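To start, the structure itself, in structure tokens.
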Amino acid sequence: MSAVEAEAPARPRRYLLERQGVLAPLLLAPAILYIFALVAVPFFLAIIYSLSDVTIGDPSIDLVGLDNFRAVLQDRVFRRSLRNSVVMTSATMLLVVVVARVLALVLTQNFRGKWLVRFLILLPWTTPVSLAAIVWLWMLDSLFSPIDWTLRYLGLIDGSLNWLGNPDLAPVSVVLVQVWRIVPLAAVIIMAGIVAIPDEIYDAARVDGAGFWRTQFEITNPLIMPVTAVAVLFGAVVVFADMSVPYVLTRGGPIDATQVLPTWAFFRGIQGGDLAQGAAIALFAFPVLAAMAIAILRAVRRMDIG
Amino acid sequence: MAIVEARNLTKAFDGQHPAVDNLNLLTEEGEYLVLLGPSGSGKSTLLRLIAGLEQPTSGEVFIAGEPMAGLPPRVRRIAMVFQSYALYPHKSVYDNIVFPLKAQGTDPQERPAKVQWAADLLGIGHLLKRKPRQLSGGERQRVALARALVREPAVFLLDEPLSNLDAKLRATARDELKTFQERIGVTTLYVTHDQVEAMGLGDRIAVMNEGSIRQIGTPEEVYSDPADTFVATFVGSPPMNLIRRGSTIVGFRPEAMLPAAERAGEGITLPVDVSRVEYLGSERHVVGVLSGDGTRDKLSGVLPAALPLQIVEGPGQQFFVRSSDLRFFDAETTARTGPQPVPDL
Chain L
12 MSAVEAEAPA RPRRYLLERQ GVLAPLLLAP AILYIFALVA VPFFLAIIYS LSDVTIGDPS
72 IDLVGLDNFR AVLQDRVFRR SLRNSVVMTS ATMLLVVVVA RVLALVLTQN FRGKWLVRFL
132 ILLPWTTPVS LAAIVWLWML DSLFSPIDWT LRYLGLIDGS LNWLGNPDLA PVSVVLVQVW
192 RIVPLAAVII MAGIVAIPDE IYDAARVDGA GFWRTQFEIT NPLIMPVTAV AVLFGAVVVF
252 ADMSVPYVLT RGGPIDATQV LPTWAFFRGI QGGDLAQGAA IALFAFPVLA AMAIAILRAV
312 RRMDIG
Chain D
-1 MAIVEARNLT KAFDGQHPAV DNLNLLTEEG EYLVLLGPSG SGKSTLLRLI AGLEQPTSGE
59 VFIAGEPMAG LPPRVRRIAM VFQSYALYPH KSVYDNIVFP LKAQGTDPQE RPAKVQWAAD
119 LLGIGHLLKR KPRQLSGGER QRVALARALV REPAVFLLDE PLSNLDAKLR ATARDELKTF
179 QERIGVTTLY VTHDQVEAMG LGDRIAVMNE GSIRQIGTPE EVYSDPADTF VATFVGSPPM
239 NLIRRGSTIV GFRPEAMLPA AERAGEGITL PVDVSRVEYL GSERHVVGVL SGDGTRDKLS
299 GVLPAALPLQ IVEGPGQQFF VRSSDLRFFD AETTARTGPQ PVPDL
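Chains as they are written, first to last, in my numbering: chain L, 12 to 317; chain D, -1 to 343.
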């Protein structure tokens, strides 16, 4: 008894890590450091670059105000890129939601070989983006495309569709590859939403006489709306900020048909050497993404699903 | 209104012991039948088989004389209230109640009046614009009932609808359920594990264990004339005292055990070592063991607190049970038998 009493206050340092005031900052520090070094610093650097005349040849920073933004806005290619970014991201996410919703439903059913289907659906998500894009480059090749070959064999087309060289078809190709890439993540998120709905709700719907479609549209869809919105937010941010897929597939062409903000910022800033304009172009993604994130998160909070 | 019948009904899940085992049940027209049993006794599965939410492994369900084999829930003219109420959380009270009408394609012009009728019947007419999460437990239960009622079903199936309410609300809700059922007079099957609910609500009680019905009868019959030792010990709190002697089990209710001083008429006398006396306000519980022949069977007694006689803890006290309060069971089959010669206790 007395031994314990004498010992406990004698070595308070032993319990230092059990104090929240010490442990919490310690555990948070690596994450904060990481975000600061790899997100905050580059972001503010980009803002400073965009307000300066820095180039690869002349790295000294002289502030020039909003000149870069004025120049960028008058650039026809930039306006095209901004429009492409918005249109292609929207089209991608629209398709992703529909396909992922159907796949999520399939994944929640019980059938033989379910593990195999799950594995195959998740596979694209585990593939590095650039590798996947290179594979698609071959899949969509103007001469050797297996897709063209199959369509020819079925007698649906003559010759080649030229997936990446046709200015009308190239954006479609990029969108389809983005859909292929994002669908697994969205399907898993939506599946989690479906699984979270209690079985008794579905029993009640059956007793109330609702058939398959009514149950899907009146019960499941409204109940998974918040989680679907989160999936859209994640997917849209990834697609909007991605340059690997359009860069590998088309280099932004033909004639800027698939030019998006990240590729154009790269061409201007890194390949063209005009770091200041590149930074200004890249920064245009920020208000677009921020506005979208705020809008979606607000909508999720307002959704009234008890 | 309709009679529900189950004929040789069996439901087994993946080769386990059947949840419902060759069960036969016949309700009466418009009656309130309570399915009472411990958890895992198969009472909820039986309800789901009747609803059509599960398909039987073998046997048949009849509703109003029609075989229900292969028919989905929506054409069975049943309505079900779930333990969690299973209200659609994103829909308003009105949209919850109108949902079955939409699903069955009721004329859109008739819907509002029917919803209003069901809501008024349950006293929730003023809550129609609310969402389920803005309601109290009792109000949610009424919305679930209104949603079940609005289609004017032939049979009501209720799966432990009171278990999510706190104790005080449960008593009122029980009264309301009973009044409500009497008013609409629809055949009702009510699942519960709570014997107080079962005794209070049921016209008849079907006591279930291990997938079959052990006894079906009025609350009085089930309580005072249990069909076997399972019913005898499951119904009643504290349960019936059972003393095994040879091939016979002698049973009597705790309130039949009186102090020997209260002896009246023919009966048996029991020497008891009283280990504890609990005062519960209106009554006193006596806990002890039979001390006569060394078997030390556990006994419990319930005495009205109004009884002037003091019982104190201590060995060798005399108690008395009237012959008419004794019940006899076969020790092998546990089934009730006729009166036997009383063995020495």
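Virtual Cβ for every residue (Gly too), placed ideally from N, Cα, C. Note that the structure is predicted; figures quoted are calculated from it, not measured.
Within-8 Å CB hit, residue i to chain L
{"i": "P159(D)", "result": "no"}
{"i": "R72(D)", "result": "yes"}
{"i": "Q338(D)", "result": "no"}
{"i": "Q102(D)", "result": "yes"}
{"i": "I48(D)", "result": "no"}
{"i": "H88(D)", "result": "yes"}
{"i": "L372(D)", "result": "Because chain D spans -1 through 343 in this model, residue 372(D) falls outside it and cannot be assessed."}
{"i": "P98(D)", "result": "yes"}
{"i": "E58(D)", "result": "no"}
{"i": "I211(D)", "result": "no"}
{"i": "I122(D)", "result": "no"}
{"i": "M66(D)", "result": "no"}
{"i": "I266(D)", "result": "no"}
{"i": "A84(D)", "result": "yes"}
{"i": "F344(D)", "result": "The shown model of chain D, from -1 to 343, leaves out residue 344(D), and the question about it has no answer."}
{"i": "I95(D)", "result": "no"}
{"i": "M206(D)", "result": "no"}
{"i": "M255(D)", "result": "no"}
{"i": "I76(D)", "result": "yes"}
{"i": "F80(D)", "result": "yes"}
Presumed contact (8 Å Cβ cut-off) between residue i and residue j, rounded CB distance
{"i": "I235(L)", "j": "I201(L)", "result": "6 Å"}
{"i": "R153(D)", "j": "R75(D)", "result": "Checking the sequence shown, residue 153(D) turns out to be Val, not Arg. Contact holds; Cβ gap of about 7 Å."}
{"i": "D271(D)", "j": "G314(D)", "result": "7 Å"}
{"i": "G246(L)", "j": "V107(L)", "result": "6 Å"}
{"i": "L324(D)", "j": "V248(D)", "result": "6 Å"}
{"i": "G198(D)", "j": "L163(D)", "result": "At roughly 14 Å, the Cβ-Cβ gap does not stay under 8 Å, so G198(D) and L163(D) are not in contact."}
{"i": "G57(D)", "j": "T8(D)", "result": "5 Å"}
{"i": "T227(D)", "j": "F326(D)", "result": "Contact flag wrong, Cβ pair sits at about 11 Å."}
Start and end residues, alpha helix (DSSP H) containing residue i
{"i": "A230(D)", "result": "T227 to F232"}
{"i": "Y92(D)", "result": "V91 to A101"}
{"i": "N232(L)", "result": "N232 to F251"}
{"i": "E58(D)", "result": "Where E58(D) is concerned, there is no enclosing alpha helix (DSSP H), although the beta strand (DSSP E) it sits in stretches over S56 to I61."}
{"i": "N95(L)", "result": "R87 to T119"}
{"i": "R325(D)", "result": "Per DSSP, R325(D) belongs to no alpha helix (DSSP H); it is in the beta strand (DSSP E), R325 to D328."}
{"i": "L27(L)", "result": "Neither: L27(L) is in no alpha helix (DSSP H) and is coded neither H nor E."}
Cβ-based burial, residue i [other Cβ within 10 Å; buried from 16]
{"i": "F223(L)", "result": "exposed"}
{"i": "E29(D)", "result": "buried"}
{"i": "H88(D)", "result": "buried"}
{"i": "F228(L)", "result": "exposed"}
{"i": "W160(L)", "result": "exposed"}
{"i": "G209(D)", "result": "buried"}
{"i": "Q85(L)", "result": "exposed"}
{"i": "L24(D)", "result": "exposed"}
{"i": "F55(L)", "result": "exposed"}
{"i": "Y188(D)", "result": "buried"}
{"i": "V190(L)", "result": "buried"}
{"i": "Y60(L)", "result": "buried"}
{"i": "P151(D)", "result": "buried"}
{"i": "N207(D)", "result": "buried"}
{"i": "S273(D)", "result": "exposed"}
{"i": "Q120(L)", "result": "exposed"}
CB contact check: residue i to chain D, cutoff 8 Å
{"i": "A310(L)", "result": "no"}
{"i": "I58(L)", "result": "no"}
{"i": "V218(L)", "result": "yes"}
{"i": "Q31(L)", "result": "no"}
{"i": "P237(L)", "result": "no"}
{"i": "P328(L)", "result": "Past the edges of chain L, shown from 12 to 317, lies residue 328(L), and the structure says nothing about it."}
{"i": "D214(L)", "result": "yes"}
{"i": "A221(L)", "result": "yes"}
Beta strand (DSSP E) segment containing residue i, residue limits
{"i": "Q316(D)", "result": "G312 to R320"}
{"i": "E3(D)", "result": "V2 to K9"}
{"i": "R282(D)", "result": "E281 to L288"}
{"i": "I76(D)", "result": "I76 to V79"}
{"i": "V18(D)", "result": "V18 to L24"}
Alpha helix (DSSP H) segments (min. 4 residues) lying fully within the segment 103 to 189 of chain D = 109 to 119, 135 to 147 and 165 to 182
request  = Output the residue ranges of the alpha helix (DSSP H) runs that lie fully inside the segment 199 to 233 of chain L and measure 4 residues or longer, sorted by chain position.
outcome  = 210 to 218
ask   = Which runs of the beta strand (DSSP E) fall wholly inside the segment 197 to 277 of chain D and span at least 3 residues, in chain order?
value = 202 to 207, 210 to 215, 239 to 243, 246 to 250 and 265 to 277
message = List, from N- to C-terminal side, the alpha helix (DSSP H) runs of 4 residues or more that fit wholly inside the segment 48 to 77 of chain L.
response = 52 to 61
query = At which residue ranges does the segment 261 to 308 of chain L contain complete alpha helix (DSSP H) runs of 4 or more residues, listed in the order of the chain?
reply = 272 to 277 and 286 to 294
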